[in-house]
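Per my numbering, the sequence shown starts with residue -11, numbered consecutively.
Virtual Cβ for every residue (Gly too), placed ideally from N, Cα, C.
Please read these numbers as outputs of a predicted model, since none were measured by experiment.
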Amino acid sequence: MQYPEGATPLDNDELEGLKFKHIQTRAELDQMEQVNIQKGLMWLDKQKQTDILNLQFIRKLHQRMFGEVWRWAGTFRQTEKNIGVDPLQISIRLQNLLDDVKAWIEFDTYPPKEAALRFHHRLVFIHLFANGNGRHARLMADALLKHEYSCLGINWTGHDLLHQGEHRKCYIKSLRQADAHDIQPLLSLFELKS
Ligand SMILES: Nc1ncnc2c1ncn2[C@@H]1O[C@H](COP(=O)(O)OP(=O)(O)OP(=O)(O)O)[C@@H](O)[C@H]1O
Ligand SMILES: [Mg+2]
């Protein structure tokens, strides 16, 4: 299977978790995932007052986005990837992140867009799941904006982030700069929806 730059290849056990054995190509997989993600989005839109800053919600959203395609959806990664922390560190690193985000909200540390993009980057940096981290962490950033900052979300769709191309290149580059503690390029790349 072909992966675009900055994607995490799956190992054999993870591929075993594919619920549809007839899938042959990356395009077919993308399509199945996309249908599932639409349902996850509808589920997310229906959530009214909800606490999104906890492990249960974060796993639940991934399950809702990918559970029809992958048996391991909603469960944390157990293998090392080219991106992400040691799998044994995932829960603790996520808990630290959630504590940080709660403090950002309480002390108004960052404007909403910056809080959401920092949250997005820290999530993909930890790399919670075997796959789907980018797409999940984009929805998580939007959920943070909606439930904690009363904003509509980030305008991600102005950019094609899913396929190899100029937009994805800039996005991945800005995440690498954020890995090196420069969040500015990521901030310049995206705007809030209005
Ligand atoms: N150097 C990096 N630092 C932090 N995050 C990164 C880095 N490189 C890639 N990422 C993130 O990891 C994602 C790829 O991980 P994964 O394959 O689990 O997610 P995905 O939703 O399936 O995304 P994709 O469609 O991009 O493959 C990218 O979309 C990006 O958000
Ligand atoms: Mg992927």
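Counting only the Cα atoms, residue -2 lies some 26 Å from residue 42. Taking 8 Å as the cut-off, one finds at least one heavy atom of ligand 2 near enough to the beta carbon of residue 120.
Boundaries cannot be given for residue 11, as no alpha helix (DSSP H) includes it and DSSP labels it neither H nor E.
Contact annotation: the segment 121 to 129 touches the segment 38 to 56, with at least three C-beta pairs closer than 8 Å.
Secondary structure of residue 60 (DSSP, three-state): coil.
Runs of the alpha helix (DSSP H) lying entirely within the segment 79 to 113, each at least 4 residues long, are absent. In this structure, the alpha-carbon of residue 4 lies about 11 Å from that of residue 57. For a cut-off of 8 Å, the C-beta gap from residue 103 to residue 159 is around 19 Å, too long to register as a contact. Burial check for residue 117: the Cβ neighbour count within 10 Å reaches 16 or more, so the residue is buried.
Counting C-beta atoms within 10 angstroms of its own C-beta, residue -4 has 16 or more neighbours from the protein chains shown and is therefore classed as buried.
Set against 8 Å, the gap from the CB of residue 159 to the closest heavy atom of ligand 2 is not smaller. Taken from the Cβ of residue -9, at least one heavy atom of ligand 1 lies inside 8 Å. Under the 10 Å beta carbon count, residue 80 is surrounded by fewer than 16 other beta carbons and is classified as exposed. By the C-beta density criterion, residue 23 is exposed, having fewer than 16 other C-beta atoms within 10 angstroms.
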